[in-house]
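Protein sequences, first through last, are from chains A and B. No gaps in the numbering here: position 24 of the first sequence is 24 in full-length UniProt numbering, and each next residue is one more. No gaps in the numbering here: position 499 of the second sequence is 499 in full-length UniProt numbering, and each next residue is one more. All residues carry an ideal CB built from backbone N, CA and C; glycine is no exception. Nothing here was measured: the structure is a model prediction, and the numbers come from that model. Quick notes on the structure that follows.
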Amino acid sequence: MTDVQDKVVTTEKPSVVATLFRFQSVFGLIAVFVAAIIFSPRKNGEILFVSADNLANVVRAVSEIGIIAVGMTFVILIGGIDLSVGAVLGLAAVGSAVLMVENDWGFLPSVVLVLAIGLVFGALQGVATAMIGIQSFIVTLAGLQIARGLARIWSGGQGVAIAYGDGPKEAPTSFALLGERTFGGLVPIPVIIFAVVAIAAVVFLRVSAFSRHLYAVGGNEKAARLSGVPVVRVKIAVFAICGLLASLAGIVHAVQLNQGSPNDGIGYELDAIAAVVIGGTSLAGGRGSVAGTVAGALLLGVLNNILALNNIDSNIQLLIKGLVIVAAAALQRLRPTS
Amino acid sequence: MAESFDLVRMVGIGKRYGGVQACHEVDFVLGAGEVHALLGENGAGKSTLMKILSGDVTEYAGSIAINGTPVRFSGPTDAQAAGIAMIHQELDLVPGLSVADNIFLGRELRTTVRTVDRRRMEREARELLDRSGVSLDPRRPVGELRVGEQQLVTIAKAISLDARVLIMDEPTSALTSSEVERLFDVIRELRNSGVGIVYISHRMEEIAKVADRATVLRNGKIVTSFDPRKLSTAEVVEAMVGRPVQTMFTTPDSDTGDELLRVENLKLKARRPRPGRRDPDGISLTVRSGEIVGLAGLLGAGRTELLETLYGVAPGGTRTGRILLQGKPIQPRGPRQALAQGIGFVPEDRRASGLVLFHSILANTVVSSLPSYGRLGVIARRMERAASTRMADRLRLKFGRLQDEVGTLSGGNQQKVVFGRMLLTEPKLLLLDEPTRGVDVGAKAEIYRLLGELAAQGLGVLLASSELPELVGVCDRVVVLRDGRDVASFSTADSGEGELLAAAMGQGAVFDEVGGV
Chain A
1 MTDVQDKVVT
11 TEKPSVVATL
21 FRFQSVFGLI
31 AVFVAAIIFS
41 PRKNGEILFV
51 SADNLANVVR
61 AVSEIGIIAV
71 GMTFVILIGG
81 IDLSVGAVLG
91 LAAVGSAVLM
101 VENDWGFLPS
111 VVLVLAIGLV
121 FGALQGVATA
131 MIGIQSFIVT
141 LAGLQIARGL
151 ARIWSGGQGV
161 AIAYGDGPKE
171 APTSFALLGE
181 RTFGGLVPIP
191 VIIFAVVAIA
201 AVVFLRVSAF
211 SRHLYAVGGN
221 EKAARLSGVP
231 VVRVKIAVFA
241 ICGLLASLAG
251 IVHAVQLNQG
261 SPNDGIGYEL
271 DAIAAVVIGG
281 TSLAGGRGSV
291 AGTVAGALLL
301 GVLNNILALN
311 NIDSNIQLLI
321 KGLVIVAAAA
331 LQRLRPTS
Chain B
1 MAESFDLVRM
11 VGIGKRYGGV
21 QACHEVDFVL
31 GAGEVHALLG
41 ENGAGKSTLM
51 KILSGDVTEY
61 AGSIAINGTP
71 VRFSGPTDAQ
81 AAGIAMIHQE
91 LDLVPGLSVA
101 DNIFLGRELR
111 TTVRTVDRRR
121 MEREARELLD
131 RSGVSLDPRR
141 PVGELRVGEQ
151 QLVTIAKAIS
161 LDARVLIMDE
171 PTSALTSSEV
181 ERLFDVIREL
191 RNSGVGIVYI
201 SHRMEEIAKV
211 ADRATVLRNG
221 KIVTSFDPRK
231 LSTAEVVEAM
241 VGRPVQTMFT
251 TPDSDTGDEL
261 LRVENLKLKA
271 RRPRPGRRDP
281 DGISLTVRSG
291 EIVGLAGLLG
301 AGRTELLETL
311 YGVAPGGTRT
321 GRILLQGKPI
331 QPRGPRQALA
341 QGIGFVPEDR
351 RASGLVLFHS
361 ILANTVVSSL
371 PSYGRLGVIA
381 RRMERAASTR
391 MADRLRLKFG
401 RLQDEVGTLS
411 GGNQQKVVFG
421 RMLLTEPKLL
431 LLDEPTRGVD
441 VGAKAEIYRL
451 LGELAAQGLG
461 VLLASSELPE
471 LVGVCDRVVV
481 LRDGRDVASF
491 STADSGEGEL
501 LAAAMGQGAV
511 FDEVGGV
């Protein structure tokens, strides 16, 4: 503070390049969005991609992966990974369907129980990594199998269809509302849930003391521990949050498909990780943001949508998605570091 | 011998790290069949000089000639090709691989069909080890070996390179005395076959036994060069220390207050003992408030382990003895509890265990004291900025903006951030492990000034260091540890650096050399 010369040397405006890299996923999203408009099929001069219906579909399709990816961002920020989220989503979808249809539970108790299951499941995985010291990759790989197995047992191995009504074997109509649209039929409720989750996560990471601990654990776990950060508690909480969000996504999934199947959500963990990576969060931990993840999830959603609109072969779609992920990761390697 | 050229001739070697002149106009000559000992304190420039010779450091002033041919190495591989091998203090072995695999790493022997010829590698490894007088199974994974045995493996590896110049940096620091004798036989054998050996050590009796010449470096310059059999320990110590160190240090305030920390016969029996770790095995000491107590000792004497035990981060095990903080017995359970009780800790390796280098100065400074900057887990940004700024001012931190990455700061300023983080928790007792390692001279002086200030305010400090001038200059008292026990205690008021060093050397002991600058 006293040495003027030092200040001059170190105080540089962040360069244009640095800014571009910092908001890489946002610029990527804009680029893909513009490309989608250009390549969109047209009908009577109307650009199909930007029609209200189509855009609503894009965000609706993104919402489940998006909710999961927010939780995944937390886990990856502490240098972990959660492979169980797709299976937990399946478990939650099955749970919602079975409780409301077969057990005739009400809307609220069912949702609360399902969310609690996700929370506890995640927390247990956190305990296994933080207290026993098993790598999260292994723990959640096992968690994936366990959650999938539980879902099969609970559902009897079959998808449980959800019918709405007041009678027996019918889910309460209040549950169906979750799948509706609001704001003049424009915005699907799942999108609103996703938005609320994302905004809450962004705010949480900005203002909470917990988030500083979270970033510190991911940045240098040993230093964090020696600095008095409650590393074990942070890890357990983060996995619990991730499990909670995965089960929330499972509820949304059930209501959108009107069923809960033990095979729901297979491979979702990979899409969620892809969204986080495209969003610029470092798999090494300690660096990244939920905003980036949201942009990453939207980018993947727009890409899926425009490829589908153009009737591109689904195998080619996979190929293109793969290349986009590699490109995003490569860009991060190029990011200037000090 | 009709040698017309020296094996190694280094002329006018200079090297500057930032503001520190590590080597200045150093001339160094090594003859074929000569064992040349290199002496000096930490940061005297020994390591830098040898890193230049072994190709680790490629930018320097001056010139090097090998057998009269000028050379300028572009890297360690280049130097190895010229017949120069260095045995590093930090052992560069792959723990999971076998002894034989490690010796032949990167130049594996092949069969006629290009597969690895494991049998031949094991046979040759066994021969090499036999030559070094070690009976080790070449198939054993290196990770299972004792540190001393690992050291012997690196020596065997260096010999297998058929080097003409062998640089040994404290090769005996973890060897038993019989292993040392064996090593000396190997060294004499190599010398007789014309290999030139640079031998870095602080153990005077070893140097007298094995070296033909000894050179003392101080502050990057050669002070003297002598026949090690002819000079007394006292004279060597004088040559090594002979600088006015006192000016660096703030004379400690002798006013000390009540007893802050009392450790009584502290022992830790680790559940899973680790090689190279020396847990406390009966340590007693006290620190009064306002007092700076130094912890001296060899590499592996258990200084770090003691501090870790007091901070509650030592590996699990059974602890006996008593630890009293302000008269009340405490059971260290971990950093959170320690910080809450007013014990702060600055770890040895700030990059690995002190900082998140790619996080901001701000985030790194406040991480230990976060709950105090807001309510209900919500951070009041203004409060944390204010705290961080206040600490930066107090520590005279040189920085651009608080949100700059801490990794962009110099080593000394990084260390100040770790200090600042601890001070924000308002500790009563600070445990410091090598707080000035790799810190430039200016920042060192500032850290000493800060320690003086803190002590004057009644803080107690326990300072582990391998730098004698630091211990004598900064501390009120120095406790010497050996093998996990406290073996001596000096008041720095009536004993000087020379006495301390001479006492240590007289016991055959010796202060470990720690990388330094």
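Assuming residue i is part of the alpha helix (DSSP H), what are its boundary residues?
i, result
"Ala156 (chain B)", "Val147 to Ser160"
"Ala85 (chain B)", "Run containing Ala85 (chain B): none in the alpha helix (DSSP H); it sits in the beta strand (DSSP E), Ile84 to Ile87."
"Thr304 (chain B)", "Arg303 to Tyr311"
"Asp486 (chain B)", "Where Asp486 (chain B) is concerned, there is no enclosing alpha helix (DSSP H), although the beta strand (DSSP E) it sits in stretches over Arg485 to Ser491."
"Pro76 (chain B)", "Pro76 to Ala81"
"Ala130 (chain A)", "Premise fails: Ala130 (chain A) is in no alpha helix (DSSP H) and is neither H nor E."
"Val326 (chain A)", "Ser314 to Leu334"
Can you find a CB in chain A that lies within less than 8 angstroms of the CB of residue i?
i, result
"Val216 (chain B)", "no"
"Phe345 (chain B)", "yes"
"Arg336 (chain B)", "yes"
"Arg126 (chain B)", "no"
"Leu339 (chain B)", "yes"
"Gly411 (chain B)", "no"
"Gly442 (chain B)", "no"
Could you tell me which chain B residues have their CB closer than 7 angstroms to the CB of residue i, listed as they occur along the chain?
i, result
"Val238 (chain A)", "Going along chain B, no residue has its Cβ under 7 angstroms from Val238 (chain A), so there is no contact; the nearest lies around 15 angstroms."
"Gly219 (chain A)", "Val356, Phe358 and His359"
"Arg287 (chain A)", "Phe358"
"Pro230 (chain A)", "Arg336"
Can you give me the start and stop residues for the beta strand (DSSP E) that residue i sits inside?
i, result
"Asp169 (chain B)", "Val165 to Asp169"
"Asp433 (chain B)", "Leu429 to Asp433"
"Pro266 (chain B)", "Residue 266 (chain B) is actually Leu in this sequence, not Pro. Start and end: Glu259 to Ala270."
"Met121 (chain B)", "Where Met121 (chain B) is concerned, there is no enclosing beta strand (DSSP E), although the alpha helix (DSSP H) it sits in stretches over Arg118 to Arg131."
"Ser284 (chain B)", "Asp281 to Arg288"
I need the straight-line Cα distance from residue i to residue j, nearest angstrom please.
i, j, result
"Thr281 (chain A)", "Gly71 (chain A)", "13 angstroms"
"Leu432 (chain B)", "Leu306 (chain B)", "11 angstroms"
"Gly106 (chain B)", "Asp185 (chain B)", "28 angstroms"
"Asp137 (chain B)", "Arg119 (chain B)", "13 angstroms"
"Glu264 (chain B)", "Gln403 (chain B)", "44 angstroms"
"Gly40 (chain B)", "Met240 (chain B)", "6 angstroms"
"Gly334 (chain B)", "Val406 (chain B)", "25 angstroms"
"Arg482 (chain B)", "Gly411 (chain B)", "30 angstroms"
"Leu334 (chain A)", "Phe204 (chain A)", "29 angstroms"
"Ile167 (chain B)", "Ala340 (chain B)", "48 angstroms"
"Leu270 (chain A)", "Ile65 (chain A)", "10 angstroms"
"Phe137 (chain A)", "Glu149 (chain B)", "35 angstroms"
"Val34 (chain A)", "Gly118 (chain A)", "38 angstroms"
"Arg203 (chain B)", "Leu450 (chain B)", "33 angstroms"
"Lys235 (chain A)", "Pro280 (chain B)", "31 angstroms"
Give me, in chain order, the residues of the same chain whose beta-carbon lies closer than 6 angstroms to that of residue i; leave out the 5 immediate sequence neighbours on both sides.
i, result
"Arg9 (chain B)", "Val29 and Ala65"
"Ser369 (chain B)", "Leu424 and Thr425"
"Gln457 (chain B)", "none"
"Leu454 (chain B)", "none"
"Arg271 (chain B)", "Gly316 and Gly317"
"His24 (chain B)", "Gly14, Gly220 and Lys221"
"Asp212 (chain B)", "Glu34 and Val35"
Which residues of chain A have a Cβ atom closer than 9 angstroms to the Cβ of residue i, listed in chain order?
i, result
"Val378 (chain B)", "Val207, Ser208 and Ala209"
"Gly12 (chain B)", "Those do not exist, as Gly12 (chain B) stays about 31 angstroms from chain A at its closest Cβ, beyond 9 angstroms."
Chain B partners of residue i, CB-CB under 8 angstroms?
i, result
"Lys222 (chain A)", "Ala352 and Ser353"
"Ser227 (chain A)", "Pro335, Val367, Ser368 and Arg421"
"Arg212 (chain A)", "Ala363, Val366, Val367, Leu370 and Ile379"
"Tyr215 (chain A)", "Val356, His359 and Ala363"
Determine, for residue i, whether the minimum Cβ-Cβ distance to residues of chain B falls below 8 angstroms.
i, result
"Arg333 (chain A)", "no"
"Arg152 (chain A)", "no"
"Pro188 (chain A)", "no"
Might you give, ordered along the chain, the residues of its own chain that have their beta carbon closer than 7 angstroms to the beta carbon of residue i, omitting 5 neighbours on each side?
i, result
"Ser338 (chain A)", "Only weak support exists for where Ser338 (chain A) lies, its pLDDT of 36 falling under 50; the value from the coordinates is given anyway. Within the same chain, Ser338 (chain A) has no close Cβ partners at all."
Name the chain A residues that come within less than 8 angstroms of residue i, Cβ to Cβ?
i, result
"Val313 (chain B)", "Arg225 and Leu226"
"Leu152 (chain B)", "By Cβ distance, chain A contributes nothing, its closest Cβ being about 30 angstroms from Leu152 (chain B), past 8 angstroms."
"Gly342 (chain B)", "Simply none; closest approach about 12 angstroms."
With a CB to CB cut of under 8 angstroms and the five nearest residues on each side skipped, what residues in its chain are close to residue i?
i, result
"Thr247 (chain B)", "For Thr247 (chain B), the predicted structure reports a pLDDT of 46, less than 50, and the residue's modelled location is therefore unreliable. A value from the coordinates is still provided. Once the five neighbours on either side are set aside, Thr247 (chain B) has no close Cβ partner at all."
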